[in-house]
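Engineer:
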Ligand SMILES: Cc1cc2nc3c(=O)[nH]c(=O)nc-3n(C[C@H](O)[C@H](O)[C@H](O)COP(=O)(O)OP(=O)(O)OC[C@H]3O[C@@H](n4cnc5c(N)ncnc54)[C@H](O)[C@@H]3O)c2cc1C
């Protein structure tokens with residue numbers, strides 16, 4: 292429970308921060324994942340660069356039909372933001388179910404997606420929302436889609452020297468119903484499986500569906516087969532069941548103390564059905 | 010002229026808030042880690058990463074040379090200290106020598122092998138990482154049944170069968186009972202290993218004052234005086250040169266009812282270096298190295314008549330002891346045997362225990378210590394028998410209960426139950442839950458294939474440990490009460506409360522007895538330099554035994570106050586009431602304050618009377634006490650996921666007289682939390698090689714506030730004649746009553762699928778698999794096969 296020696300800097304500007312990071316500094320955001328790993332000596336960064344004091348990374352605003360959320364925005368701020376709750380309810384619901392109040396008050400959206408824990412909640416929503424991440428280095432800036440960002444367990448498209456600067460999620464229109472369904476691993480608070488769903492239904496027909504799945508595989512993914520199965524249907528119970536049945540097809544499911552691969556896959560199906568029904572109930 | 014004295018309000022029985030809480034909730038309490046001393050050093054302990062290995066070589070030179078390091082000690086340096094004591098003495102018990110640091114061979118992951126002492130804990134930890142150890146890794150065994158099977162790797166090479174002891178106990182005529190039985194039910198029932206997980210981990214500060222030849226040891230413990238006696242022995246120090254201080258203790262649950270290697274080790278380090286030294290256990294160390302609880306595999310057989318009368322019980326306990334005996338390790342399963350008949354009249358019992366060494370951290374007392382295992386077993390078996398006979402679980406219990414008029418009741422296991430009226434809490438609980446209506450609802454739900462369960466447990470337990478001959482270190486308790494010249498009162502109890510609230514309840518007792526304001530009373534404990542010798546706080550004993558010692562010390566003092574008051578009033582007929590002595594003839598009176606002042610001023614003394622107002626009483630109980638109660642759990646099962654929802658939790662506990670209902674409720678709630686923890690979530694999992702898989706809070710599922718059901722708690726009151734307070738004890742009741750009620754509830758829910766038993770913890774996956782695999786006949790057959 293005692294970390295190794297490290298240096299700590301709290302830069303005043305993003306430029307300064309990116310410079311130190313370019314030189315090998317390790318970004319520290321809410322510290323809810325990094326600090327425990329350091330205490331267990333599973334991580335031993337030489338130099339921590341605290342992003343927490345950078346005011347210009349902490350914001351939620353609507354711009355060009357999308358919500359832009361700064362990397363150091365806490366889970367609590369996302370969960371309680373009237374803007375997010377009104378325009379991107381899936382994200383607010385997901386953030387509100389992360390860990391416990393202490394964790395939500397410290398942990399940040401940028402830290403969570405950058406960490407890419409295969410059981411984290413946000414990544415499911417990011418896949419379902421087709422979110423975009425603005426990645427910034429000392430001399431570069433690029434935007435990567437969620438589908439291309441989560442690569443493997445704790446592995447993302449971030450290059451050395453880059454940070455997640457901003458997360459961009461869509462503003463839902465009136466036809467969309469959303470829901471996040473989570474089976475909690477009771478010791479850690481993370482998801483055994485988590486299913487994030489968005490459905491657009493017009494005139495009784497599902498126009499499109501998006502399904503993001505976390506906890507099941509090495510990284511969160513979009514269950515496109517489920518989405519296809521739903522499109523064009525009216526979203527009746529049997530149609531939902533049939534579509535959800537394939538959510539874990541072809542997935543090499545995680546297996547641990549808390550759930551075997553077989554049980555996880557089963558849970559994924561059950562909770563996809565539940566998430567879809569809940570989201571459908573919220574469509575106009 | 011008679012003065013009328015307002016009768017002071019009696020406090021015993023009142024819902025008083027705890028006097029210890031302000032310092033706890035304002036964060037001003039002093040725990041071991043809050044102690045700082047000039048020049049203090051910090052220790053980090055190097056531990057074995059292997060469950061079974063020998064040290065081929067160890068190189069500490071880099072660590073010793075690391076800047077800031079004061080010293081490194083290994084098992085070679087500390088060979089003469091110790092051993093870590095085992096306090097239980099079963100016939101034929103094999104006791105491995107338990108070094109405070111392993112000099113050569115290690116027996117479990119976390120076994121200490123060296124200590125690094127440095128200017129701060131960061132430096133010490135960095136240096137500890139520099140120690141190089143070449144290990145010769147051996148085969149390990151982490152499962153008690155595998156350990157005693159042929160061909161298992163020996164934990165201790167000198168005892169290849171891995172059996173530390175066997176124990177046999179028999180009462181009545183079991184063979185006859187089984188031969189004449191109409192029905193026999195059998196079941197293997199486990200009580201898994203649990204990690205006690207006190208919020209405050211262990212910690213020790215040792216300070217050696219060489220010039221005074223005085224060692225001060227601050228430790229987070231439940232037993233300061235026993236620790237003093239034992240650590241003095243381990244260090245070869247005269248007992249009066251060792252002072253043990255117990256600052257605030259952030260929970261124990263039995264895990265601090267022990268003397269560990271680290272207490273002697275810190276004493277050794279402080280004495281060697283002549284500087285104060287602190288060691289604070291990390292959470293990971295706490296999981297790996299502080300005792301675990303439970304660890305039973307039980308084989309039950311119950312014989313009965315067609316009408317449900319239980320005629321005999323056979324029990325084989327395989328106890329996972331771990332690699333060593335800590336203070337009470339081998340004694341714990343013997344408590345299970347004592348309580349194996351539960352509340353039922355059965356005259357015929359046979360019990361065998363096999364104590365199995367494994368390459369795991371030792372098991373020992375954990376909230377309930379032997380009684381939850383016993384209660385779980387018998388309460389499960391009674392339900393299994395009821396199912397076999399198609400009887401209602403209530404009916405079978407009522408049929409077999411020891412009746413009110415049978416007390417004192419001698420059990421087949423050699424105990425004498427003090428008092429009881431077992432149908433009382435059961436009937437109350439049934440009324441609270443609305444049993445008949447729930448059964449009707451359940452019948453409706455079953456028609457629709459919905460899974461709803463009603464689980465009952467009627468538990469009994471042993472409290473107030475206990476008569477000295479029946480306990481390893483003396484079962485009495487002590488109290489001193491001193492009244493200062495100003496009339497203010499200090500109570501010193503030999504108990505060592507650490508969350509049980511005796512600073513409040515003991516003050517309530519003293520306030521009522523002396524007839525004074527509770528704010529005039531201070532309760533002290535946990536410092537061997539201040540408090541007379543005592544035993545400690547465990548086994549739901551503090552109020553029943555320590556409170557009684559206090560009661561008698563107060564009677565002595567009252568006699569003296571009255572005598573002195575009468576003397577001052579020159580009265581031969583006086584009464585003490587409301588903190589005032591009044592002459593019954595003249596009505597003249599003296600307050601406690603006036604009398605106290607006079608006893609110290611001692612201008613004149615009654616004949617044969619010493620100055621001062623102080624009394625000490627050591628109280629030896631004549632028996633244990635036997636609380637009881639009924640818990641009922643209503644649960645709903647999600648067929649699709651195996652998830653369990655607790656709809657209702659009813660707890661009706663009879664702990665004798667209640668001194669403070671608020672504190673009793675708190676004890677029941679906490680106990681139920683830990684009972685549910687065992688039933689639903691907690692399990693210390695070791696893999697085949699002896700690695701603790703649930704080594705972190707992120708994997709060990711501890712109950713949290715938001716996971717708790719609403720507990721509907723009530724009481725019946727059946728006082729004990731064993732002590733004048735009529736109190737029995739309640740610290741462990743919740744834990745003991747809970748787990749069988751919870752499991753019975755889920756088994757009841759799944760019974761239409763043919764399920765007869767589920768081992769704990771009842772994880773959703775386990776339930777889901779049972780639902781998946783269920784066919785109505787199969788499980789009964791499966792049960793037969795296993796035995
Ligand atoms: C008790 C507990 C329970 C939890 N329960 C849940 C849960 O239920 N669901 C869940 O999803 N999560 C859970 N978490 C994790 C929590 O959500 C963390 O907040 C999150 O994983 C990491 O965010 P952070 O801001 O704390 O990042 P940090 O811990 O500061 O950093 C995490 C990693 O990301 C890097 N990093 C941080 N910010 C950036 C950035 N802007 N750009 C690039 N790299 C960056 C860091 O260098 C580090 O490697 C829990 C954590 C705890 C302690």
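Protein chains in written order, with our numbering: chain W, 292 to 575; chain V, 10 to 796.
Glycine is no exception: its CB is placed at the ideal position from the N, C-alpha and C atoms.
1. With distance defined between alpha-carbon atoms, name the residue in 634(V), 725(V), 223(V), 265(V) nearest to residue 476(V).
2. Pull the bridge partners of residue 306(W) from the DSSP assignment, please.
3. Looking only at C-alpha atoms, which of 433(V), 615(V), 454(V) sits nearest to residue 352(V)?
4. Residues of the region 754-782 of chain V in Cβ contact with chain W at a cutoff of 7 Å, in chain order, please.
5. Using a cut-off of 7 Å between C-beta atoms, extract the partners of residue 479(W) located in chain V.
6. Measuring alpha carbon to alpha carbon, tell me which of 241(V), 269(V), 264(V), 233(V) ends up nearest residue 254(V).
7. Kindly provide the ranges of any alpha helix (DSSP H) runs that are 4 or more residues long and lie completely inside the region 364-445 of chain W, ordered along the chain.
8. List the DSSP bridge partners of residue 610(V).
9. Is the region 196-203 of chain V close to the region 765-780 of chain V, with three or more CB pairs under 8 Å?
10. Relative to the C-alpha of residue 374(W), which residue among 391(W), 356(W), 390(W) is closest?
11. Tell me, please, whether the CB atom of residue 548(W) is closer than 8 Å to any CB atom in chain V?
12. Tell me whether residue 406(W) counts as near ligand 1, meaning its Cβ is closer than 7 Å to at least one heavy atom of that ligand.
13. Considering only heavy atoms of ligand 1, does any lie closer than 7 Å to the CB of residue 493(W)?
14. Taking 8 Å as the cut-off, decide whether the C-beta atoms of residue 506(V) and residue 551(V) are in contact.
15. Name the residue from 615(V), 594(V), 583(V) whose alpha carbon lies nearest to the alpha carbon of residue 600(V).
16. Under 8 Å by Cβ, that's how I've got residue 337(V) and residue 279(V) pegged, so tell me the actual separation to the nearest angstrom.
17. Using the Cβ count rule (16 or more neighbours within 10 Å means buried), how would you classify residue 34(V)?
18. Nearest by alpha-carbon distance to residue 610(V): which of 622(V), 617(V), 616(V) is it?
19. Checking 8 Å against the spacing of the C-beta atoms, do residue 495(V) and residue 605(V) come in under that value?
20. According to DSSP, is residue 361(W) part of a helix, a strand, or is it coil?
21. Are there 16 or more other CB atoms within 10 angstroms of the CB of residue 26(V), so buried, or fewer, so exposed?
22. Would residue 80(V) and residue 287(V) qualify as a contact pair, given that the criterion is a beta-carbon distance under 8 Å?
23. The beta strand (DSSP E) spanning residue 390(V) covers which residue range?
24. So what's residue 571(W) in DSSP terms, helix, strand or just coil?
25. Give me the residue from 95(V), 323(V), 406(V), 136(V) with the minimum Cα distance to residue 267(V).
26. Of the residues 546(V), 536(V), 499(V), which one's Cα is nearest the Cα of residue 523(V)?
27. Is any heavy atom of ligand 1 found at a distance shorter than 7 Å from the C-beta of residue 366(W)?
28. Tell me whether the beta-carbon of residue 683(V) lies closer than 8 Å to the beta-carbon of residue 740(V).
29. Any chance you could list the alpha helix (DSSP H) runs of at least 4 consecutive residues sitting entirely within the region 53-130 of chain V, in chain order?
30. On the premise that residue 701(V) lies in contact with residue 693(V), defined as a C-beta separation below 8 Å, what is that separation, rounded to the nearest angstrom?
31. Looking at the secondary structure, which residues open and close the alpha helix (DSSP H) in which residue 482(W) lies?
32. Indicate whether at least one CB of chain W lies closer than 8 Å to the CB of residue 650(V).
33. Give me the subset of the region 107-132 of chain V whose CB atoms are less than 8 Å from a CB atom of chain W, sorted by chain position.
34. Give the straight-line distance between the Cα atoms of residue 330(W) and residue 629(V), rounded to the nearest whole angstrom.
35. Measure the C-alpha to C-alpha separation of residue 109(V) and residue 90(V) and round it to an integer number of angstroms.
36. Residues of chain W with CB under 9 Å from residue 703(V), in chain order?
Structural biologist: Concretely, from the data shown:
1. 634(V)
2. Residue 306(W) pairs with nothing; no bridge assigned.
3. That would be 433(V), whose Cα lies nearest to the Cα of residue 352(V).
4. 774, 777
5. 707
6. 233(V)
7. For the region 364-445 of chain W, whole alpha helix (DSSP H) runs of length 4 or above, ordered along the chain, are 366-371, 373-378, 380-387, 392-397, 400-406, 413-420, 437-440.
8. DSSP lists no partner for residue 610(V).
9. yes
10. 356(W)
11. Interface residue (Cβ-Cβ distance to chain V less than 8 Å): residue 548(W) is classified as such.
12. yes
13. no
14. yes
15. 583(V)
16. Not really, about 27 Å apart at Cβ, beyond 8 Å.
17. By the neighbour-count rule (16 or more Cβ atoms within 10 Å), residue 34(V) is not buried but exposed.
18. 622(V)
19. A contact, by the Cβ cut-off of 8 Å.
20. It is a strand residue.
21. exposed
22. no
23. According to the DSSP assignment, residue 390(V) belongs to no beta strand (DSSP E) but to the alpha helix (DSSP H) extending over 380-397.
24. helix
25. It is 95(V) whose Cα lies nearest to the Cα of residue 267(V).
26. 499(V)
27. yes
28. no
29. 70-74
30. 7 Å
31. That residue, residue 482(W), is in no alpha helix (DSSP H); its beta strand (DSSP E) goes 482-493.
32. yes
33. 130, 131
34. 49 Å
35. 7 Å
36. 478, 548
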